[in-house]
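Read through the structure below, which is laid out as structure tokens, and then see the notes.
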Amino acid sequence: MANEIIPEKIKGIPKFAKELLRFCSITSQFILFGNIYDLFPFPQGEKYIPMNITQFIAHLLTTYDNYKIVIEYVPLEGFRLLKGDEGIFANLTRRKIGDKVVSLLDVYETIEKFITGDEKTAVVINFSSRLPEISCSKDLPDFLYHTFKLSININQKGNPPSFNPIIFLVEKENDLPPWYTVENPRIRTIPIPKPDFEIRRWIAQALLPRMDEWTSLPDSKKEELIKDFVNLTSGMFAREMLSIVVLSKRENLSAREIGEATRRYKVGVSENPWAKVDKDRLNNAEEFLKRRVMGQEKAIKQAATILRRAFFNLSGSQFSRYSNRPKGVLFFAGPTGVGKTELAKAITELIFGSEHHYIRFDMSEFSHEHSDQRLIGAPPGYVGYDVGGELTNAVKQNPFSVILFDEIEKAHPKILDIFLQILDDGRLTSGRGETVYFSESLIIFTSNLGVFEVTSDGKKIQRISPEMSYDEIEKILTEAIKEYFTFKIARPEILNRIGENIIVFDFIRNENVKRILDKMLNNVKIKLEEDKGVKLEISDNVQQKIYEEIVKDLSMGGRGIGNKLELLFINPLSELLFKLFPQAESTVVINELLKKDDRWELNGRVIS
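This is the structure:
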């Protein structure tokens with residue numbers, strides 16, 4: 001007998017379905033909320049058939065609880081027979097299947113006939129969350145009042161006794177007014193979550209046989225691919241799993257390529273720039289990066305190792321082969337102006353061919369508690385909801401990118417919870433409910449943590465200096481970073497996700513200033529020749545004078561060198577060029593740098 005079935009012993013149905021079966025005998029109405037627009041696997045023999053929620057409920061009640069008829073009501077469309085005898089449906093409604101009912105009071109009268117009739121019947125009211133938007137102002141309160149009263153007054157029927165239930169399908173638990181559901185033992189609210197591992201496995205078993213080459217695979221390989229598909233779709237809807245299979249057939253991907261099909265669905269493109277990275281250039285990453293960033297050999301070596309790991313998609317692989325974490329995570333720490341941002345640009349050029357292929361966020365702009373809405377978007381009903389989040393929009397548009405979060409310590413601690421989700425799950429849900437994947441991104445944080453210490457009286461004291469060795473600096477900054485995340489903001493889990501990827505940058509040492517200076521002066525020469533066709537020659541004594549002035553203060557790093565060079569050389573050069581006004585294809589020779597009345601001047605001549 002159907003009434004002897006114990007829900008827990010029914011194999012292959014979700015938890016919410018078991019709860020619905022159990023309480024049909026003692027509850028007159030149900031409110032199912034959450035994942036109501038998804039597909040649900042219904043067991044038929046040894047197979048599982050994906051169904052929408054209304055078809056699933058109809059099959060569930062008629063198969064396991066002996067219901068004779070299950071009806072669906074859709075606002076603006078009317079009643080529809082989901083399962084059961086068409087004659088019974090017609091006799092109860094005096095309508096044809098699919099007839100429209102406009103007034104909600106007419107709808108209630110029809111529902112009452114079903115619920116109070118002798119046949120074991122269930123009525124599913126679909127799209128209930130939309131009722132306030134499409135009904136007349138007084139219709140809905142009257143309708144809800146009548147159905148509420150019905151939930152209290154209706155009696156059980158049959159032997160054993162059970163109710164003819166009304167089942168509301170809503171998006172959120174509070175889509176119906178609180179007075180309707182609170183402290184009413186005749187109404188049961190049941191959440192429908194996203195499919196868990198077991199549900200996804202049943203869905204995978206139903207969908208994968210549709211893919212090319214499935215029948216020719218050995219059973220062991222089929223089982224492996226089912227497991228892969230289930231793990232790769234963690235956190236996704238069953239409908240998305242169906243979309244992946246449809247996409248794979250459209251793009252001629254076989255069952256063996258289900259991982260690639262899932263990746264394409266997540267990031268939205270078939271091309272994978274990571275697969276096009278020049279392997280020889282990546283193998284010689286240190287040499288490439290050293291040409292852009294000077295004096296940071298140890299930092300560059302660490303970064304290159306992480307990049308090679310990212311190329312082979314090994315980030316987080318020690319924890320799970322199905323990891324969706326970002327390709328790599330780098331945490332650049334050190335004093336200002338030592339090449340942290342420059343190395344991020346160099347890495348971007350190394351991987352994607354252009355230093356402009358990166359997304360940068362200045363985290364000092366996110367110091368307020370609710371500024372996370374700028375990153376992921378405002379929730380429904382708030383200003384900016386329609387715009388979306390800056391971070392989620394950027395990654396959705398370009399999932400293959402380097403994402404730079406500059407000066408991370410300046411962000412509000414609550415913002416850091418977003419990074420925990422990115423580093424752990426490799427995805428974010430925007431304010432609009434869209435899931436954005438970071439599995440093809442490289443995440444770089446920069447920080448000045450530990451460089452300065454603020455005393456109790458508000459004074460800023462520098463904790464590290466160029467006089468210290470690199471090992472001393474590395475130890476102080478690493479300890480400061482760990483202390484900040486563990487104790488100051490109580491987010492040790494973020495530090496745990498960063499792992500051993502903290503890369504400490506050294507001060508710009510005197511021995512590296514000459515190389516940096518040569519590079520900057522060379523940039524000036526190239527720029528002048530490209531724009532004006534004028535070549536520039538700088539005498540050794542002028543270069544030496546510039547060097548001597550710059551090394552007097554290296555506290556601001558490479559950026560400070562650039563600023564000082566502008567004062568010492570570029571500004572005086574502009575004055576000299578206006579004075580000489582050289583023609584294209586001529587050469588300007590700079591032979592003297594001197595200081596007059598607190599102003600630097602250059603002397604030189606033009607060679608045609």
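For the sequence shown, the residue numbers in the UniProt record's numbering are 1 to 608.
Every residue gets a Cβ at the ideal spot worked out from N, C-alpha and C, and that includes glycine.
beta-carbon residue i near the ligand GTP non-hydrogen atom, thresh 8 angstroms
i	result
GLU537	Within the structure as shown, the ligand GTP is missing, as the structure has no ligands at all.
Beta-carbon contacts of residue i that lie in its chain and below 8 angstroms, excluding the five residues immediately before and after
i	result
LYS514	TYR547
HIS356	THR348
LEU423	ARG325, PRO326, VAL329, ILE443, ILE494, ARG497, ILE498
ILE36	ILE53, LEU169, VAL170, GLU171, ILE192
Status (buried if at least 16 other CB within 10 Å, exposed otherwise) for residue i
i	result
residue 612	It is not possible to answer for residue 612, since the shown part of the chain is limited to 1 through 608.
LEU76	exposed
VAL454	exposed
SER320	In this prediction, SER320 has a pLDDT of 48, which is less than 50 and means its spatial position is unreliable; what the coordinates show is noted afterwards. SER320 comes out exposed.
GLN373	buried
GLN55	buried
SER128	buried
SER608	exposed
ASP457	exposed
TYR265	buried
PHE487	exposed
ILE526	exposed
GLU530	exposed
THR215	exposed
PHE89	buried
CYS24	buried
ARG509	exposed
TYR48	buried
LYS345	buried
ILE26	exposed
TYR73	buried
PHE578	exposed
LYS460	exposed
Residue i - partner residues in DSSP beta bridges
i	result
SER608	Its beta-bridge partners do not exist; DSSP assigns none.
MET51	PHE40
ASN603	GLU592
ARG80	GLU72
GLY34	ILE192
residue 610	Lying outside 1 to 608, the shown extent of the chain, residue 610 is not represented and no answer is given.
VAL402	TYR358, LEU442
LEU536	VAL588
SER574	Bridge partners of SER574: none, in fact.
SER162	LYS157
Same chain, Cβ closer than 6 angstroms to residue i, five either side skipped, listed in chain order
i	result
LYS96	Note that LYS96 scores 48 on pLDDT, short of 50, meaning its location in the model is unreliable; the coordinates nonetheless yield the value given after this. There are no such residues.
PRO413	ILE489
ARG427	THR435, TYR437
GLY565	The sequence given here has Leu at residue 565, not Gly. Taken in chain order, the residues that qualify are MET520.
VAL606	LEU580, PRO582, SER586, VAL588
ALA204	ILE226, PHE229, VAL230
MET1	The predicted model places MET1 with a pLDDT of 41, which falls under 50 and marks its position as unreliable, so this point remains unresolved.
PRO379	GLY431
Sequence-distant residues of its chain with Cβ nearer than 7 angstroms to residue i (five each side left out)
i	result
PRO14	PHE40, ILE199
GLN318	At GLN318 the pLDDT is 44, less than 50, meaning the model places this residue with poor confidence and gives no usable figure here.
GLU260	LEU253
SER243	TYR265
LEU247	ALA261, ARG264, TYR265
For this session: Determine contact between the segment 392 to 410 and the segment 460 to 479, defined as no fewer than three beta-carbon pairs at a distance below 8 angstroms.
Result: no
Exercise. Using 8 angstroms as the threshold, is the segment 77 to 85 in touch with the segment 56 to 67, meaning 3 or more CB pairs across them?
Worked result: yes
For this session: Report yes or no: do the segment 159 to 170 and the segment 118 to 133 share at least 3 C-beta pairs separated by less than 8 angstroms?
Result: yes
Problem set entry | Segments assigned alpha helix (DSSP H), at least 4 residues, entirely inside the segment 465 to 529 | 470 to 483, 492 to 498
Exercise. Can at least three beta-carbon pairs, one atom from the segment 282 to 297 and one from the segment 433 to 445, be found at a separation below 8 angstroms?
Worked result: no
Problem set entry | Inside the segment 227 to 273 only - alpha helix (DSSP H) runs reaching at least 4 residues | 238 to 250, 258 to 267
Exercise. At what residue ranges does the segment 98 to 158 contain a whole run of the alpha helix (DSSP H), taking only runs of 4 or more?
Worked result: 104 to 116, 131 to 134, 139 to 153
Problem set entry | Sufficient close CB pairs (3 or more, under 8 angstroms) joining the segment 590 to 604 to the segment 563 to 581 | yes
Exercise. Which parts of the segment 164 to 202 are runs of the alpha helix (DSSP H), unbroken and 4 residues or longer, counting only runs that do not cross its ends?
Worked result: 178 to 181
For this session: Write down every uninterrupted run of the beta strand (DSSP E) in the segment 304 to 378 whose length is 3 residues or greater and which is fully enclosed by it, in chain order.
Result: 328 to 333, 358 to 362
Exercise. Do three or more CB pairs link the segment 554 to 563 to the segment 332 to 343 at distances below 8 angstroms?
Worked result: yes
For this session: May I ask you to verify whether the segment 579 to 587 touches the segment 533 to 549, counting CB pairs closer than 8 angstroms and requiring at least 3?
Result: yes
For this session: May I have a chain-ordered list of the alpha helix (DSSP H) segments no shorter than 4 residues that lie completely inside the segment 408 to 470?
Result: 416 to 425
Problem set entry | Three or more C-beta pairs below 8 angstroms linking the segment 323 to 332 and the segment 441 to 456 | yes
Exercise. Are the segment 453 to 472 and the segment 352 to 368 touching by the rule of at least three beta carbon pairs closer than 8 angstroms?
Worked result: no
Exercise. Counting Cβ pairs closer than 8 angstroms, one from the segment 31 to 46 and one from the segment 175 to 191, do we hit at least three?
Worked result: yes
Exercise. How about the segment 304 to 313 and the segment 363 to 381: do they share at least three Cβ pairs that are nearer than 8 angstroms?
Worked result: no
Exercise. Does the pairing of the segment 100 to 114 with the segment 138 to 149 give three or more beta-carbon distances under 8 angstroms?
Worked result: yes
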